[in-house]
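Undergrad: With the first letter of the sequence shown counted as 1, position 60 gets the number 60 in the UniProt record's numbering; the numbers rise by one all the way through.
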Amino acid sequence: MRAVVVSGTGGPEVLGVTDLPAPEPGPGEVLIDVVATAVNRADTLQRRGFYPPPPGASDIIGLECSGRVAGLGPGVDAWKVGDEVCALLAGGGYAERVVVPSGQVMPLPGGVSLVEAAALPEVAATVWSNVFMTAHLRDGERFLVHGGAGGIGTMAIQLATARGAEVYATAGSPDKLALCRELGAVAAIDYREEDFVAVLTEAGGADVVLDNMGAKYLTRNVDALATGGRLVVIGMQGGTKGELDISTLLRKRGSVTATSLRARPVTEKTAICCGVVENVWPRVADGSVKPVIHETMPIEDVARAHQLMEDGAHTGKLVLTF
């Protein structure tokens, strides 16, 4: 099979496509012929040597894919060869074939092509697990997402809006701010020129904040919370160490949770994927949530895709096809 390999830690230039032995499904696993995969920020971190795969996962980069079932391991009866599917992966997506636990394989949502579906598993699982399973965002609450024009941000805005939340999003350019508003945000905040704390405080505070910045925004995120607000940290783009004013958190009766998805046990990922199929896919099928894809390109352009991701000029997802 063709697969992307990393010649050494470094910039996008270390990525290349070569032939590797294809995997075989083990007990409880599904073998997928990959049609498309998508680029995530975690992929760029793995390429640079900062985010190794969890024990037992493929060393090949790639946290999601879409394709067709090509084989079934012992004990799998939920799928049949030829089924069109998408999947949440711990690794291996940048290859023509990948094996994945059966519970992390999902049917395509209605109205979405195989290529488009590659842009959905990671962002849908991230948003559903963090915003709804962990933070319990409810109808009528105020929700703030940072990086609203990115892959996770575009999914979070749409899904929170569809479920009745009042959505606020930060972004850093006129085009990205316009996209946030188009997807449903009641306010798109230019983080270069505006203070999101002031905007949210005037509105009454954020009931839920989804944050990819980490240390840089920790104090300000807590300041932006409403009474009983929940901050969920899913990234460290702004550093790993920050100061937390416990008195502010106590006064607001707030909570701070940090989560990751990739290293969770299969049982937890299975529960998340079931929640995505039950709660997110119907929204995709009725058009209230859609995959936002900046560009689709062949796998041979993987280095360019990583460069686009790191430049930060894209919106939504970058999809790679085989």
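Glycine included, every Cβ here is placed at the ideal spot set by N, Cα and C. This one's a predicted model, so the numbers in the text were calculated from it and none came from an experiment.
According to DSSP, simplified to helix, strand and coil, what is residue 66?
TA: strand
Undergrad: Residue range of the alpha helix (DSSP H) that residue 246 falls in?
TA: 246 to 252
Undergrad: Could you give the residue range of the alpha helix (DSSP H) that holds residue 265?
TA: Residue 265 -> no alpha helix (DSSP H), and no H or E assigned at all.
Undergrad: Determine the burial state of residue 263: buried for a count of at least 16 other Cβ atoms within 10 Å of its Cβ, exposed for fewer.
TA: So residue 263 ends up on the exposed side.
Undergrad: Tell me which residue opens and which closes the beta strand (DSSP E) that residue 170 is part of.
TA: 166 to 171
Undergrad: Excluding the 5 residues preceding and the 5 following residue 261 in the sequence, name in chain order all residues of the same chain whose CB lies nearer than 7 angstroms to its CB.
TA: 125, 126 and 129
Undergrad: Note down, in chain order, each residue of its chain lying with its Cβ closer than 7 angstroms to the Cβ of residue 164, except the 5 sequence neighbours on either side.
TA: 139 and 140
Undergrad: Looking only at DSSP bridge pairs, what is residue 316 linked to?
TA: 150
Undergrad: Relative to the alpha-carbon of residue 121, which residue among 187, 305 and 108 has its alpha-carbon at the smallest distance?
TA: Selected option, being the one with the closest Cα: 108.
Undergrad: Determine the extent of the alpha helix (DSSP H) in which residue 48 is found, giving its start and end residues.
TA: Looking at the DSSP string, residue 48 is not in any alpha helix (DSSP H), and its letter there is neither H nor E.
Undergrad: For residue 120, which residues does DSSP report across the bridge?
TA: Paired residue(s): none; residue 120 is not in a bridge.
Undergrad: Could you check if residue 101 is buried or exposed, using at least 16 other CB atoms within 10 Å of its CB as the buried criterion?
TA: buried
Undergrad: When you compare each of 161, 189, 110 and 158 to residue 173 by their alpha carbons, which one comes out closest?
TA: Nearest C-alpha to residue 173: 189.
Undergrad: Could you check whether residue 232 and residue 210 sit closer than 7 angstroms to each other, using their CB atoms as the reference points?
TA: yes
Undergrad: Counting along the chain, where does the beta strand (DSSP E) carrying residue 3 start and finish?
TA: 2 to 6
Undergrad: Going by Cα to Cα distance, which pick from 51, 192 and 230 is closest to residue 10?
TA: 51
Undergrad: Quick one: Cα of residue 310 to Cα of residue 41, how far?
TA: 8 angstroms
Undergrad: Using CA atoms only, rank isn't needed, just tell me which of 39, 35, 20 and 79 is closest to residue 29.
TA: That would be 79, whose Cα lies nearest to the Cα of residue 29.
Undergrad: Would you mind sorting residue 23 into buried or exposed? The rule is 16 or more other CB atoms within 10 Å of its CB.
TA: Under this definition residue 23 is a buried residue.
Undergrad: Can you give me the start and stop residues for the alpha helix (DSSP H) that residue 100 sits inside?
TA: Not the alpha helix (DSSP H): residue 100 falls in the beta strand (DSSP E), residues 97 to 101.
Undergrad: What is the DSSP secondary structure of residue 77, counted as helix, strand or coil?
TA: coil
Undergrad: For residue 43, count neighbouring Cβ atoms within 10 angstroms of its own Cβ and tell me buried if that reaches 16, exposed if not.
TA: buried
Undergrad: Which residue from 230, 289, 266 and 213 puts its Cα closest to that of residue 132?
TA: 230
Undergrad: Tell me whether residue 322 sits in a helix, a strand or coil according to DSSP, three-state version.
TA: Coil at residue 322, not helix or strand.
Undergrad: Would the region 48 to 63 and the region 82 to 101 be scored as touching if the rule is three or more Cβ pairs under 8 angstroms?
TA: At 8 angstroms Cβ cutoff, the stretches touch.
Undergrad: How would you call residue 274, buried or exposed, if buried means at least 16 neighbouring beta carbons within 10 angstroms?
TA: exposed
Undergrad: Residues bridged to residue 106 by DSSP?
TA: Paired residue(s): 86.
Undergrad: In whole angstroms, give me the CA-to-CA distance for residue 7 and residue 14.
TA: 5 angstroms
Undergrad: State the DSSP-derived secondary structure class of residue 162, mapped to helix, strand or coil.
TA: Correct three-state label for residue 162: helix.
Undergrad: Roughly how many angstroms separate the alpha carbons of residue 58 and residue 294, rounded to a whole number?
TA: Roughly 27 angstroms separates the two Cα atoms.
Undergrad: So, with DSSP's three-state summary, where would you put residue 230?
TA: DSSP places residue 230 in strand when its eight states are reduced to three.
Undergrad: Let me know if residue 96 comes out buried or exposed under the rule of 16 or more other beta-carbons within 10 Å of its beta-carbon.
TA: buried
Undergrad: Between which two residues does the alpha helix (DSSP H) containing residue 37 stretch?
TA: Taken as a continuous stretch (DSSP letters only), residue 37 belongs to no alpha helix (DSSP H), being part of the beta strand (DSSP E) at 29 to 38.
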